[in-house]
Amino acid sequence: MVSAAESKDNSAEAGPSRWWHFQPSEWDVLVFSTALKLLLFPAYRSTDFEVHRNWLAITHSLPISQWYYDTTSEWTLDYPPFFAYFEKLLSIPASLIDPKIVDLYNLNYDSWSVIVYQRFTVLATELVLGAALLRFIRDAVDPRMQRIISASLFLHPGFLIVDHMHFQYNGFMFGILLWSILMARNGNRLASGILFAVLLNFKHIYMYLAPAYFVYLLGSYCFSSSGEIQIKNFLSLANSVIAVFLVSLGPFLVMGQLPQLLSRLFPFTRGLNHAYWAPNVWALVTFADRVLLRYAERIGADVSIHEPGVASASRGLVGDTVFAVLPNVRPIHTFTLTLAFQSIVLLKLWFNPTYKSFLTALTLCGYASYLFGWHVHEKAVLLVLVPLSLLAAERQAYFRTFIIASVSGIFSLFPLLFTPAESLIEVLYSALWLLFVYQPLSRRVYELPRSLFYVILDILEKSYLVGFLLLQLFVSCYPIIAAYTQRCERSSVTPCDPSSLAKMEFLPLMATSVYCAVGLVWGFFRLVYIYLHEESTYQSQLSKI
Numbered sequence: 021m022v023s024a025a026e027s028k029d030n031s032a033e034a035g036p037s038r039w040w041h042f043q044p045s046e047w048d049v050l051v052f053s054t055a056l057k058l059l060l061f062p063a064y065r066s067t068d069f070e071v072h073r074n075w076l077a078i079t080h081s082l083p084i085s086q087w088y089y090d091t092t093s094e095w096t097l098d099y100p101p102f103f104a105y106f107e108k109l110l111s112i113p114a115s116l117i118d119p120k121i122v123d124l125y126n127l128n129y130d131s132w133s134v135i136v137y138q139r140f141t142v143l144a145t146e147l148v149l150g151a152a153l154l155r156f157i158r159d160a161v162d163p164r165m166q167r168i169i170s171a172s173l174f175l176h177p178g179f180l181i182v183d184h185m186h187f188q189y190n191g192f193m194f195g196i197l198l199w200s201i202l203m204a205r206n207g208n209r210l211a212s213g214i215l216f217a218v219l220l221n222f223k224h225i226y227m228y229l230a231p232a233y234f235v236y237l238l239g240s241y242c243f244s245s246s247g248e249i250q251i252k253n254f255l256s257l258a259n260s261v262i263a264v265f266l267v268s269l270g271p272f273l274v275m276g277q278l279p280q281l282l283s284r285l286f287p288f289t290r291g292l293n294h295a296y297w298a299p300n301v302w303a304l305v306t307f308a309d310r311v312l313l314r315y316a317e318r319i320g321a322d323v324s325i326h327e328p329g330v331a332s333a334s335r336g337l338v339g340d341t342v343f344a345v346l347p348n349v350r351p352i353h354t355f356t357l358t359l360a361f362q363s364i365v366l367l368k369l370w371f372n373p374t375y376k377s378f379l380t381a382l383t384l385c386g387y388a389s390y391l392f393g394w395h396v397h398e399k400a401v402l403l404v405l406v407p408l409s410l411l412a413a414e415r416q417a418y419f420r421t422f423i424i425a426s427v428s429g430i431f432s433l434f435p436l437l438f439t440p441a442e443s444l445i446e447v448l449y450s451a452l453w454l455l456f457v458y459q460p461l462s463r464r465v466y467e468l469p470r471s472l473f474y475v476i477l478d479i480l481e482k483s484y485l486v487g488f489l490l491l492q493l494f495v496s497c498y499p500i501i502a503a504y505t506q507r508c509e510r511s512s513v514t515p516c517d518p519s520s521l522a523k524m525e526f527l528p529l530m531a532t533s534v535y536c537a538v539g540l541v542w543g544f545f546r547l548v549y550i551y552l553h554e555e556s557t558y559q560s561q562l563s564k565i
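Quick note on numbering: the numbering used here labels position 395 of the sequence shown as 415, and the sequence is numbered without any gaps.
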């Protein structure tokens, strides 16, 4: 049965319409999203809010030659030049609204004027994402299903948490990424490559996706299907990308500041894990080291224990991670593992440089970098969740991977917000988002289990997802239990175990990181298997129908 809104959408699409003309349900999404985000203006904001205010001040108050040298604040400029130019542009209206916003020495300025202005810039620039998602709908084979995917991305809890509360500009930059992916889907590979080069000069974390772009553009644009190099295409792409980088880096190259700029972009002094372990392979390895250490201490096992590692990984501080029992991990190890897993995927992409293959390989490149990379931030999970969303409606195998990765990835972002009101908002909003996405997509891609193995796998995966309810209960109740235990210890009346829970403040974060890591690691290997094996089998079956 088709709803009234869907009926209007379908009839509107049947007639001629420009892609930016909104359908009724699209207006609903935009109005709801805008209203909610406006209400969140007074919400919790992290130190990233002051980081970006300081960058407004740096780019407005100082000449370009001093942008990457200024140390007035500890929040120095460490994004590529296009983002610095972007901040410079935003600083112009900011200086007119409130000159104190762009005062270089007015540190930690948090008046209502700066809050409204900076929150509004996130909301306004996110329209780049919205425009790309609209275009995806207009060019889709199944506009109704693509509308659900697009709405799920525009309303994604990751953007709400990271951008509209914690404070960043991910919606804007992922909008550029989606425009690039859209150009690839529409066969305009040169524009796709140019847009990705632009994106790299906004935020260098997207270089994790660069191998997939390199192989795809080389295989589909620079070489013909017969293997002959297309000189004209190759030169067009190379010159376009070089031109983008010259516009970005040229002024700093002329001033001889490229080494200083690169030292800001790539600080190699950080450790394996962030303060809150990103839920990846290294979170599981670090947890295993903690377990082995406790086991060795309890039974008195004859195991060599590295003393600096006894407290290193469990104290929740920024710094190098030193293991107590397991061998320490170095940057070369993480780089080798990342490259190895990416190479497996890229090899298939080289021999099959289609859009669908590219999109899956792109997702897996970001996924591998997240799982095996050095000093990964939990927010980088968006590099996985956003492109994976575009695959969710392909068929059940992709959909199930999408659900597992999305639930694990979104839950892993919850610790970014630790105030009670915002914590309640993120949990309720994420649950509603999941219900909104799950019902229509699951109906579309449903397949009967093919064997007993798939039935068992289905039960295990659903049990894992239900486990998040218990994890949320534990994380919510732990501070209350820890506080009660601490009061007991201070009381001379009530005897309590001196090994207080209050001494393990990092435990809820560790539990969240490890549990989410299990789902994200499983989702990665699930997607690798689908891409390398199941997809080939599935396509061969379709060709016989």
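We put the CB at the ideal spot given by N, CA and C, even for glycine.
Contact under 9 Å by Cβ, residue i with residue j
i: HIS373; j: LEU197; result: His is not the amino acid found at residue 373; the sequence shown has Pro there. No.
i: LEU60; j: LEU180; result: yes
i: SER66; j: LEU436; result: yes
i: SER268; j: LEU237; result: no
i: LEU403; j: ILE225; result: yes
i: GLY150; j: GLY178; result: no
i: VAL457; j: GLU414; result: no
i: LEU292; j: LEU346; result: no
i: PRO287; j: ASP98; result: yes
i: ILE112; j: TYR137; result: no
Best match in the options for proximity to residue i [C-alpha to C-alpha]
i: LEU367; options: ALA232, LEU402, VAL345, LYS399; result: ALA232
i: PHE422; options: VAL274, GLY539, ASP123; result: GLY539
i: VAL365; options: GLU414, TYR551, HIS41; result: TYR551
i: SER283; options: LEU58, ALA55, THR96, ALA230; result: THR96
i: LEU58; options: ALA144, ARG167, ALA360, PHE419; result: ALA144
i: PHE431; options: VAL349, PHE392, CYS536, LEU529; result: CYS536
i: VAL182; options: ALA425, MET275, PHE438; result: PHE438
i: LEU477; options: LEU173, PRO279, ALA417; result: ALA417
i: PHE103; options: TYR88, VAL427, THR54; result: TYR88
i: ASP162; options: THR383, LEU480, LEU410; result: LEU410
i: SER53; options: LEU147, HIS80, ASP68, GLN138; result: LEU147
Buried/exposed call for residue i, threshold 16 Cβ in 10 Å
i: GLN277; result: buried
i: GLY270; result: exposed
i: ARG507; result: exposed
i: ARG155; result: buried
i: VAL264; result: buried
i: ASN245; result: Checking the displayed sequence, the identity of residue 245 turns out to be Ser instead of Asn. Exposed.
i: GLY207; result: exposed
i: SER200; result: buried
i: ALA360; result: exposed
i: GLY487; result: exposed
i: ALA640; result: No answer is possible for residue 640: it lies beyond the span of the chain, which begins at 21 and ends at 565.
i: SER389; result: buried
i: TRP75; result: buried
Backbone CA spacing between residue i and residue j [nearest angstrom]
i: VAL305; j: PHE343; result: 9 Å
i: LEU257; j: VAL235; result: 13 Å
i: THR92; j: ALA77; result: 10 Å
i: LEU468; j: ARG73; result: 53 Å
i: TYR549; j: TRP542; result: 11 Å
i: ALA171; j: SER45; result: 9 Å
i: SER377; j: PRO100; result: 29 Å
i: THR358; j: ASP48; result: 41 Å
i: ARG38; j: LEU215; result: 23 Å
i: PHE310; j: ALA303; result: Note on identity: in this sequence residue 310 is Arg, with Phe being the wrong assignment. Spanning the two alpha carbons is a distance of roughly 11 Å.
i: SER130; j: PRO440; result: One detail in the question is off: residue 130 reads as Asp in this sequence, not Ser. Answer to the nearest angstrom: the Cα atoms are 21 Å apart.
i: CYS242; j: CYS385; result: 21 Å
i: VAL534; j: TYR296; result: 11 Å
i: ILE84; j: ARG546; result: 47 Å
i: THR141; j: LEU110; result: 8 Å
i: ALA502; j: ALA298; result: 24 Å
i: SER115; j: PHE272; result: 25 Å
i: ASN348; j: SER428; result: 27 Å
i: SER240; j: MET203; result: 13 Å
i: ALA34; j: LEU527; result: Any reading at ALA34 must be qualified, since the residue scores a pLDDT of 44, below 50, and its modelled position is unreliable; the value itself is stated next. For ALA34 and LEU527, the distance between alpha carbons rounds to 55 Å.
i: LEU173; j: GLN166; result: 11 Å
i: PHE222; j: TYR315; result: 46 Å
Cross-strand partners of residue i (DSSP beta bridge)
i: ILE249; result: PHE243
i: VAL396; result: ASN293
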